[in-house]
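Q: Can you keep this structure in mind? I'll have questions shortly.
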Ligand code: HEM
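In UniProt numbering, the protein residues as written are 14 to 549.
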């Protein structure tokens, strides 16, 4: 029927007929030709030139030449697993319908299949899993209303709060375009001019920047979303995943000891736990805030560089996720899976968080390039429900989205010839009112908003975390110019005087004795001081 049979995201479209002499294991070309010699190319005599009509060889080698697709521009290194989300049917102790009409949360015990991909961010597809980096935590819920993707990280805040800055931020964190090496001098050049990053940096350079594995880390949606109830009333929400396995992070020396022996430890840990039936679980918790500007708070609820204080906005449980099945094929499932922040179901909505809105364009844009315009027809990305569109054709069309009784001649709407029709409305639309001048301005609240929560985080770190944080910052900052170091120390001091003083002392130690720097992977200066600023 041209649609193929999809088995757990891999799938095969052959109908099993066999030619004489074939059995189920017989090797064939993609054209179905049985292959009787897979060792020798066809040549003129056994030492003679090869011929170009050799379909079998050309198909094999040219398919191999195309095995790779572009890796993700960020989050290239990852691991994935299938599982299930089970709803509690309430939010904390309250009826959940009060806040959202999303069906996946509505009844106690309701199960929704999920696929999760964990990742690190900056380096390539086979980079060590011990590197200092946020970890991605992306969940695809295959709900009865279509897919919902919650594309989060392990850390609850981010470096920047405007999507306009994202390509610059990533360029600063990625390897130097000349030396191809990650370089603390470039990272802190950017960050020292981006003070909203201080909160994230205070997590990232501490052991929180190297989770021990994927099972023992938290997840967070980071950006602010909305929930909408049946009357169309919205509230602001933040999502958090709490690991039932507990949280475990690594200091830099601990990470280096693992990396010396194993650069796949997190993938291995997840896969082996699931194979052994030791299924990891996370509880989904939400924070809720009324949908307005909240002038009483000293941060903006749409600013993703800030936490919503837990004492004012408690983390309310809504369900439990269990990962219970490994992928059957890494490429088909983990590499081709495509998550996006725009992928919401009825009852969930966007907020005006402009990072979130910028992200929402970026994900499906990159996936149309990375995987192809029909990426949503792949079994791992396709909703596990009725799909019927009037979208047609394009590269690698695998099947036509016609409904069983749809007139196949009608690929447009409206029509009176038995085409597709609109669905009934699920509830009142959420229709916020807007009035304002069109501006380019940053989210800004009273004074030094970027340092308070970073200082609080410094003070919440244990002594060991503080020590590791200062060492790691100093190692990486030792690659920066004096001017950048001074600017960073000034920013750390604004968070907390002790924080700034300890980084200053560490930098002075390394200046007097360069071997005092303990780790070197983003810390060693490749050019003499001052050269960075010279025009080439
Ligand atoms: C992946 C863009 C911020 C979490 C990606 C990808 C892009 C992207 C282009 C590659 C997607 C793909 O190839 O399938 C952006 C932009 C951001 C931003 C423009 C800011 C404006 C964030 C934030 C988070 C995040 C704040 C955490 C909440 C992730 C995750 C992935 C990802 C988890 C990997 C998804 C997967 O496993 O396939 N991002 N991102 N990103 N991003 Fe972002």
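Backbone N, C-alpha and C define an ideal beta-carbon position, used for all residues, glycine too. Computed from a predicted model, the values in this text were never measured in an experiment.
Along the chain, where does the alpha helix (DSSP H) containing residue 436 start, and where does it finish?
A: Here the question's residue 436 lines up with position 423 in the chain shown. Looking at the DSSP string, residue 436 is not in any alpha helix (DSSP H), and its letter there is neither H nor E.
Q: What is the DSSP secondary structure of residue 282, counted as helix, strand or coil?
A: Along the chain shown, one-based indexing puts residue 282 at 269. Reduced to three states, the DSSP call for residue 282 is helix.
Q: Hey, out of 110, 534, 143 and 470, whose CA is closest to residue 270's CA?
A: For the purposes of this step, residue 270 is identified with residue 257 of the chain shown, where counting begins at 1. Nearest C-alpha to residue 270: 143.
Q: I'd like to check one pair, residue 483 with residue 337: are the Cβ atoms closer than 8 Å?
A: Position 324 of the chain shown, counted from the first residue, corresponds to residue 337. Position 470 of the chain shown, counted from the first residue, corresponds to residue 483. No, the Cβ-Cβ distance between residue 337 and residue 483 is not below 8 Å.
Q: Taking the beta carbon of residue 55 as the centre, do at least 16 other beta carbons fall within 10 Å, making it buried, or is it exposed?
A: Along the chain shown, one-based indexing puts residue 55 at 42. Answer is exposed; the Cβ neighbour count stays below 16.
Q: Shorter than 7 Å, the distance from the beta carbon of residue 127 to the closest heavy atom of the ligand HEM, or not?
A: Taking the first residue of the chain shown as 1, we reach residue 127 at position 114. No, the ligand HEM has no heavy atom inside 7 Å of this Cβ.
Q: Would the C-beta of residue 383 count as close to the ligand HEM, meaning under 7 Å from any of its heavy atoms?
A: Start at 1 with the first residue of the chain shown, and residue 383 comes out as number 370. Checking every heavy atom of the ligand HEM against the Cβ of residue 383, one is found closer than 7 Å.
Q: When every heavy atom of the ligand HEM is checked, does at least one fall within less than 7 Å of the C-beta of residue 176?
A: For the purposes of this step, residue 176 is identified with residue 163 of the chain shown, where counting begins at 1. Result yes, Cβ under 7 Å from the ligand HEM.
Q: Residue 295 bridges to which residues according to DSSP?
A: Position 282 of the chain shown, counted from the first residue, corresponds to residue 295. For residue 295, which the question treats as bridged, DSSP gives the partners 256 and 334.
Q: Suppose you measure from the CA of residue 566 to the CA of residue 149; what does that come to, to the nearest Å?
A: This structure does not reach residue 566, given that the chain is present from 14 up to 549, and the question cannot be answered.
Q: In the region 332-414, which residue ranges form an unbroken beta strand (DSSP E) of at least 3 residues, counting only runs that do not cross its ends?
A: Whole beta strand (DSSP E) segments, 3+ residues: 361-363.
Q: Do you know how far the Cα of residue 193 is from the Cα of residue 51?
A: In the chain shown, counting from the first residue as 1, residue 51 sits at position 38. In the chain shown, counting from the first residue as 1, residue 193 sits at position 180. Approximately 40 Å, taken between the alpha carbons.
Q: Quick check: does the Cβ of residue 113 come within less than 7 Å of any heavy atom belonging to the ligand HEM?
A: To locate residue 113, count along the chain shown from 1; it is residue 100. Not under cutoff, so the answer is no.
Q: How would you call residue 131, buried or exposed, if buried means at least 16 neighbouring beta carbons within 10 angstroms?
A: Here residue 131 refers to the residue found at position 118 when the chain shown is read from its first residue. By the 10 Å Cβ count, residue 131 comes out buried.
Q: From the DSSP output, which residues share a beta bridge with residue 163?
A: Looking up residue 163 in the chain shown gives position 150. The partner list for residue 163 (beta bridge, DSSP) reads 152.
Q: DSSP state of residue 500, grouped into three classes?
A: Here residue 500 corresponds to residue number 487 of the chain shown, with the count starting at 1. Three-state DSSP puts residue 500 in a helix.
Q: From the DSSP output, in three-state form, read off residue 468 for me.
A: The residue labelled residue 468 in the question sits at position 455 within the chain shown. Helix.
Q: Straight-line CA distance for residue 385 to residue 87?
A: For this step, residue 385 is matched to residue 372 along the chain shown. For this step, residue 87 is matched to residue 74 along the chain shown. Taking the straight line from one Cα to the other gives about 17 Å.
Q: Residue 458 and residue 326 - do their beta-carbons sit closer together than 8 Å?
A: Here residue 326 corresponds to residue number 313 of the chain shown, with the count starting at 1. Here residue 458 corresponds to residue number 445 of the chain shown, with the count starting at 1. No.
Q: Using alpha carbons as the reference points, say which of 372, 402 and 124 lies closest to residue 237.
A: Taking the chain shown and counting its residues from 1, the one referred to as residue 237 is at position 224. Considering only alpha carbons, the answer is 372.
Q: So what does DSSP say about residue 201, is it helix, strand or coil?
A: Within the chain shown, residue 201 is the residue found at index 188, counting from 1. Helix.
Q: Per DSSP, what kind of secondary structure is residue 93 in: helix, strand or coil?
A: In the chain shown, counting from the first residue as 1, residue 93 sits at position 80. In the structure shown, residue 93 sits in a strand (DSSP, three-state: E or B).
Q: Rounded C-beta distance between residue 501 and residue 154? I'm assuming under 8 Å.
A: To locate residue 501, count along the chain shown from 1; it is residue 488. To locate residue 154, count along the chain shown from 1; it is residue 141. The Cβ separation is near 40 Å, so there is no contact.
Q: Looking at the strands, I want to know which residues DSSP matches up with residue 98.
A: Here residue 98 refers to the residue found at position 85 when the chain shown is read from its first residue. DSSP output for residue 98 lists 125 and 334 as bridge partner(s).
Q: Within its chain, find whatever has a CB closer than 8 Å to the CB of residue 140; leave out the 5 residues flanking it on each side and keep chain order.
A: Position 127 of the chain shown, counting from 1, holds the residue named residue 140. Contacts found: 89, 90, 133 and 276.
Q: Please report the distance separating the alpha-carbon of residue 535 from that of residue 67.
A: Here the question's residue 535 lines up with position 522 in the chain shown. Here the question's residue 67 lines up with position 54 in the chain shown. For residue 535 and residue 67, the distance between alpha carbons rounds to 49 Å.
Q: Residues in the same chain with beta-carbon distance under 6 Å from residue 261, minus the five sequence neighbours each way, listed in chain order, please.
A: Within the chain shown, numbered from 1, the residue matching residue 261 stands at position 248. Result list for residue 261: 225 and 229, in chain order.
Q: Quick check: what's the CA-CA separation for residue 478 versus residue 264?
A: Your numbering for residue 478 matches position 465 in the chain shown. Your numbering for residue 264 matches position 251 in the chain shown. Their backbone Cα atoms lie some 8 Å apart in a straight line.
Q: Taking only heavy atoms of the ligand HEM into account, decide whether any of them is closer than 7 Å to the Cβ of residue 376.
A: In the chain shown, residue 376 corresponds to position 363, counting from 1. Yes, Cβ of residue 376 sits closer than 7 Å to a heavy atom of the ligand HEM.
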